[in-house]
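Working notes, beginning with the structure itself.
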Amino acid sequence: MRVMLLDQGVRHDLVEAVVGAGIDDLAGVFAKADALARFSGTAEFEALVTAYERAANLAAKGDADDVDAALFETEAEADLFSQVQRVEERLASLTEEGRWDEALRALAGLRPFVDRLFDDVMIMAPDPAVRRNRLALLRRTVRAFAAVADFGAVVA
Numbered sequence: 053m054r055v056m057l058l059d060q061g062v063r064h065d066l067v068e069a070v071v072g073a074g075i076d077d078l079a080g081v082f083a084k085a086d087a088l089a090r091f092s093g094t095a096e097f098e099a100l101v102t103a104y105e106r107a108a109n110l111a112a113k114g115d116a117d118d119v120d121a122a123l124f125e126t127e128a129e130a131d132l133f134s135q136v137q138r139v140e141e142r143l144a145s146l147t148e149e150g151r152w153d154e155a156l157r158a159l160a161g162l163r164p165f166v167d168r169l170f171d172d173v174m175i176m177a178p179d180p181a182v183r184r185n186r187l188a189l190l191r192r193t194v195r196a197f198a199a200v201a202d203f204g205a206v207v208a
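Just so you know, we're using our numbering here: the sequence shown kicks off at 53 and counts up by one.
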């Protein structure tokens, strides 16, 4: 699989990102790799990777998966959570239908919400419940990206 994608000219890091997300459908893997390769030359790709990296760096410090909206103290938290939920809903149908270009654009659209969270919110809040919830929000954000590819493998 990897060799075939590399032989088609797909960058090594993009191959690892696609394969790292799991292989359910062989034809789908090639379509996803093709979409990711095309998308990689765009400004939206940079936005996607930056949003992923920012979220993933701190998400790794968390261990909770359940986000409690009642613990949000800022609009930035609520807005990111709302947007992640919308993207998750869209990704469910987009990935099922193999509409990878749209799925990638949907993920790139999370960038301003992730940026705002980091600009306006101290993730590592002194209150342990708030901190844990913020990290859970970042973990949920990272899981949305993982539905498409392992963006941790991407070299931007």
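Glycine included, every Cβ here is placed at the ideal spot set by N, Cα and C.
Tell me the DSSP secondary structure of residue i in three-state form.
i	result
residue 96	helix
residue 80	helix
residue 117	coil
residue 179	coil
residue 56	helix
residue 86	helix
residue 74	coil
Output the distance between the C-alpha atoms of residue i and residue j, rounded to the nearest integer angstrom.
i	j	result
residue 161	residue 99	8 Å
residue 146	residue 61	25 Å
Could you give the first and the last residue of the continuous alpha helix (DSSP H) run that contains residue i?
i	result
residue 160	152-160
residue 147	127-148
residue 63	Residue 63 -> no alpha helix (DSSP H), and no H or E assigned at all.
residue 167	163-172
Quiz prompt | Three-pair Cβ contact test at 8 Å for the segment 194-201 versus the segment 168-185 | solution = Contact fails: fewer than three Cβ-Cβ distances are below 8 Å.
Quiz prompt | Contact between the segment 123-132 and the segment 198-206 (3+ Cβ pairs under 8 Å) | solution = Between the segment 123-132 and the segment 198-206, the count of C-beta pairs closer than 8 Å stays below three; the two stretches do not touch.
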